[in-house]
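Here is the structure we will look at.
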Ligand code: TXA
Ligand code: MG
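Residue numbers (our numbering): 212 to 590.
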């Protein structure tokens, strides 16, 4: 069943107010979350209403090409405060400002560095976020108190339409409860945020499935703070040398990641998760042995693997992410797979190792965080 608050066309959306209901059991207050989709007969009118919600200071979740975002007016400090509250997100963790026209970048950020224009020309609209010094117009509530701002022009028609029809600048983190895997379907957003936001635009499953690459352009050498679909090689072709934030693939000990959001536990399923590292056959043997022990202990096991190895595990719930020959498929399915284990009540999850060049770096970054950096070596 879809979300309990799903409604169809023509309902009123009173931004930021919704319809307040007293939950029967507790004293928590809920609002009705309107879910709209392109197949609704009056979708054009519903999009207009959704844009009005943003203009009035309310919250609308919308699809992008990477993951679903939870949007509010980026220039309104109160709207940003509502975003933090709905997600349960620490307020020192800044939001990305989404624009619908690369020309609007200058309005919110200092973009004098010619490399910034080159990157925008090469990758926007698309899954690249740039960190730049912010302009006065952007409230500190949106940037988590920082003097820099993250900006991105997403490549999704519904996102671009919502931004264009509303205030032109939409602050949007991923539309999940803080700490949970990012949403790649409208159903994931409903799971986490139904009753807490005004509206969800259901645009079906996203294309990429991992969040944008974040590139810090406020540093002398542009620095990748979060790996994504746009790889270091792709960036270097356009602007020359870039580097990775050294804190990225470590257990977070000693070095502090520069993107505040990268220091928090994230993407984590409820069960303990372990990554099993080694060559393919050794990994399969190790996971088989681990599963046998879990079986004897009467524990429920989940296994994350590839299409090539899914037939190798006789005990446990097997979730295949896709073929190792198609790393983009693995990226797209990862967050949905992590969420699926929560519905199965698994006690422990063992995952194969998915290191690969290109987007595989981003996949491993998310997996390491989901597993709390717990790695088992397969001999
Ligand atoms: O693909 C995406 O980027 C998605 C879609 C919705 O656009 N958005 C997204 O936002 O992933 P969020 O809030 O979940 O992640 C943004 C990351 C956080 O780790 C945050 O700390 C970092 O960007 N960030 C934002 N502004 C920053 C700044 N000024 N300096 C350093 N890091 C920043
Ligand atoms: Mg996020």
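Ideal Cβ placement from N, Cα and C applies to all residues, glycine included. All values derive from a computational prediction rather than experimental measurement.
Problem - Rounded Cβ spacing between residue 285 and residue 268 (contact assumed at less than 8 Å) - result: Not quite, the Cβ-Cβ distance comes to about 12 Å (not below 8 Å), so this is no contact.
Practice task
Please say whether residue 515 and residue 495 have beta carbons closer to each other than 8 Å?
Solution key: Contact check for residue 495 against residue 515 fails: the beta carbons are separated by 8 Å or more.
Handout entry: Cβ shell of residue 406 (< 7 Å), same chain only, five flanking positions each side left out
Key = Correct list, in chain order: 216, 241, 242, 244.
Exercise for the section: Check each candidate in 504, 478, 425, 571 and name the one with the smallest Cα separation from residue 527. Expected result: Minimum Cα-Cα distance from residue 527 among the listed residues 504, 478, 425, 571 corresponds to 504.
Practice task
Could you check what DSSP says for residue 519 in three-state terms: helix, strand or coil?
Solution key: The answer is helix: DSSP assigns residue 519 an H, G or I state.
Practice task
Using the Cα positions of residue 383 and residue 559, report the straight-line distance between them to the nearest angstrom.
Solution key: The alpha-carbon atoms of residue 383 and residue 559 are separated by roughly 32 Å.
Problem - residue 282: CB within 7 Å of a non-hydrogen atom of the ligand MG - result: Here the distance from the Cβ of residue 282 to the nearest heavy atom of the ligand MG is not below 7 Å.
Exercise for the section: Have a look at residue 350 and residue 288 and give me their C-alpha separation to the nearest angstrom. Expected result: Each residue's Cα considered, the two are about 6 Å apart.
Exercise for the section: Using beta-carbon positions only, say whether residue 517 and residue 543 come within less than 8 Å of one another. Expected result: Against a cut-off of 8 Å, the Cβ pair of residue 543 and residue 517 comes out as no contact.
Practice task
For residue 293, count neighbouring C-beta atoms within 10 Å of its own C-beta (all shown protein chains included) and say buried if the count is 16 or more, exposed if not.
Solution key: A residue is called buried when at least 16 other Cβ atoms come within 10 angstroms of its Cβ; residue 293 meets this threshold and is buried.
Handout entry: Assigned secondary structure, residue 400 (DSSP; H/G/I helix, E/B strand, else coil)
Key = Three-state DSSP puts residue 400 in a helix.
Practice task
May I ask you to check if the CB of residue 384 is nearer than 7 Å to at least one heavy atom of the ligand MG?
Solution key: Checking every heavy atom of the ligand MG against the Cβ of residue 384, one is found closer than 7 Å.
Problem - Separation of residue 436 from residue 397, as counted between CA atoms - result: Going from the Cα of residue 397 to the Cα of residue 436 covers about 27 Å.
Practice task
Taking residue 278 as part of the beta strand (DSSP E), name the residues at either end of that continuous run.
Solution key: Per DSSP, residue 278 belongs to no beta strand (DSSP E) and is neither H nor E.
Problem - Opening and closing residue of the beta strand (DSSP E) in which residue 563 lies - result: Under the DSSP assignment, residue 563 falls in the beta strand (DSSP E) whose first and last residues are 559-563.
Exercise for the section: If I'm right that residue 429 touches residue 487 with Cβ under 8 Å, what's the distance once you round it to whole angstroms? Expected result: The C-beta separation of residue 429 from residue 487 comes to about 38 Å, leaving the pair out of contact by the 8 Å criterion.
Problem - CB contact flag (residue 373, residue 282, <8 Å) - result: If you check the CB distance, residue 373 and residue 282 come in under 8 Å.
Exercise for the section: Determine the closest residue to residue 337 out of 572, 309, 381, 404, with distance taken between C-alpha atoms. Expected result: Sorting 572, 309, 381, 404 by C-alpha distance to the C-alpha of residue 337 places 309 at the top.
Problem - Close-in-space but distant-in-sequence residues of the same chain around residue 579 (CB under 6 Å, 5 per side omitted) - result: Contacts found: none.
Problem - beta-carbon residue 472 near the ligand MG non-hydrogen atom, thresh 7 Å - result: Indeed, a heavy atom of the ligand MG lies less than 7 Å from the Cβ.
Exercise for the section: Go ahead and label residue 232 buried or exposed: buried means 16 or more other beta carbons lie within 10 angstroms of its beta carbon, across all protein chains shown. Expected result: With a pLDDT of only 41 at residue 232, under the threshold of 50, the placement of this residue in the model should not be trusted; the figure read from the coordinates follows. Exposed: under 16 other Cβ atoms inside 10 Å.
Practice task
Within 10 angstroms of the Cβ of residue 403, are there 16 or more other Cβ atoms? Answer buried if so, exposed if not.
Solution key: Here residue 403 is buried, its C-beta having at least 16 other C-beta atoms within 10 Å.
Problem - Runs of alpha helix (DSSP H) lying entirely within the region 293-357, each at least 4 residues, in chain order - result: Entirely contained in the region 293-357, the alpha helix (DSSP H) runs reaching 4 residues are, in chain order, 316-319, 325-334.
Practice task
Please classify residue 417: does DSSP put it in a helix, a strand, or coil?
Solution key: Shown here, residue 417 sits in coil according to DSSP, grouped into three states, outside any helix or strand.
Exercise for the section: Evaluate the contact criterion for the region 579-590 versus the region 432-447: three or more CB pairs, one atom per stretch, below 8 Å. Expected result: Proximity of the region 579-590 to the region 432-447 falls short of the contact definition, fewer than three beta-carbon pairs being nearer than 8 Å.
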